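Remarks on the structure that follows.
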Amino acid sequence: MQNIEQSLTALRQRIVSSAQEYARDAHSIKILAVSKKQPISAIRAALAADQRDFGENYLQEALAKIDVLADSQACWHFIGPLQSNKTRAVAENFSWVHTLDREKIAVRLSEQRPGGLGPLNVCIQVNISAEASKSGISLAALPALVMTIRQLPGLRLRGLMALPAPAAEFDAQRQPFWQLRQAFEQLQGGGFELDTLSMGTSSDMAAAIAEGTTLLRIGTALFGPRPD
Ligand SMILES: *Cc1c(COP(=O)(O)O)cnc(C)c1O
Numbered sequence: 193m194q195n196i197e198q199s200l201t202a203l204r205q206r207i208v209s210s211a212q213e214y215a216r217d218a219h220s221i222k223i224l225a226v227s228k229k230q231p232i233s234a235i236r237a238a239l240a241a242d243q244r245d246f247g248e249n250y251l252q253e254a255l256a257k258i259d260v261l262a263d264s265q266a267c268w269h270f271i272g273p274l275q276s277n278k279t280r281a282v283a284e285n286f287s288w289v290h291t292l293d294r295e296k297i298a299v300r301l302s303e304q305r306p307g308g309l310g311p312l313n314v315c316i317q318v319n320i321s322a323e324a325s326k327s328g329i330s331l332a333a334l335p336a337l338v339m340t341i342r343q344l345p346g347l348r349l350r351g352l353m354a355l356p357a358p359a360a361e362f363d364a365q366r367q368p369f370w371q372l373r374q375a376f377e378q379l380q381g382g383g384f385e386l387d388t389l390s391m392g393t394s395s396d397m398a399a400a401i402a403e404g405t406t407l408l409r410i411g412t413a414l415f416g417p418r419p420d
């Protein structure tokens, strides 16, 4: 395990300098620490260095961690593929979901969200051009899902998320982020109060910052390579 406090400091510095380069306010860019496959000790080290938001992809692994760290300040984000049989546990144990892309799942999450917890924060995952995974809704189908989610009392729509196919060139990295941002600004212009653009990982964070990300999902650049 690398020194997580040092990695976080370096990461925050990279964000500040990229923000400066693209005329962004660095305070508007948060880090979501992607802790999938990382041990509890790594999460504790990040917590000790004032990291609060953690992203997990695999439900059983995540539930075990949430249980062990129940007394911590961690805020848990579900960022993995979401099928019907997982919605109840996600609605009961997470604060955020970034991978919402279907009406049926939205309805279930809303119904299963315990009243005492307040609405579940959600981002819609959009499948912009040549996305690596097949998940995510098309841009054309996005407005209808937005309207549905708006009427669900157990959910609070916060924004959009994308995980584009890896690209080596900076301009190629920017292109899908630019598209997501256009969709985001269109919704904002239509009166939706959205505040979260969940885009950018360890390998394309500068491109995401250039295109307006508010939440970088960072795994390896923070925790080092994932143990398999
Ligand atoms: C694993 C993962 C990340 C983090 O990727 P890194 O390259 O390790 O920074 C971000 N987003 C999603 C959806 C992931 O599954």
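For any residue, its number in this note's numbering is found by taking its place in the sequence shown, counting from 1, and adding 192. No residue lacks a Cβ here, since even glycine has one placed at the ideal position from N, Cα and C. Here the structure is a predicted model, which is why all the values come from computation and not from measurement.
query	result
Range of the contiguous alpha helix (DSSP H) that encloses E253	251–260
Exposed unless 16 or more other CB atoms sit within 10 angstroms - verdict on Y219	First, the amino acid is wrong: residue 219 is His here, not Tyr. Classification for H219: exposed.
For L352 and G328, the rounded distance between their alpha carbons	10 Å
Selected residue, minimal CA-CA separation from L389, among K222, I196, P311, Y214	K222
Local conformation of K326 per DSSP, three classes	coil
Local Cβ density within 10 Å of V318, reported as buried at 16 or more and exposed below that	buried
Unbroken beta strand (DSSP E) run spanning T388, endpoints	388–390
Whether N195 touches K228 by CB criterion (7 Å)	no
Closer than 6 Å: R350 CB and nearest ligand 1 heavy atom	no
V391 versus A402 - alpha carbon distance	The sequence shown places Met at residue 391, rather than the Val named in the question. Spanning the two alpha carbons is a distance of roughly 11 Å.
S287 beta carbon near ligand 1 (any heavy atom closer than 6 Å)	no
Per-residue DSSP class, three states only, for K296	helix
Limits of the unbroken beta strand (DSSP E) element including D245	245–248
Any non-hydrogen atom of ligand 1 closer than 6 Å to T406 Cβ	no
Distance cut-off 6 Å: N319 Cβ against heavy atoms of ligand 1	no
Unbroken alpha helix (DSSP H) run spanning Q198, endpoints	196–213
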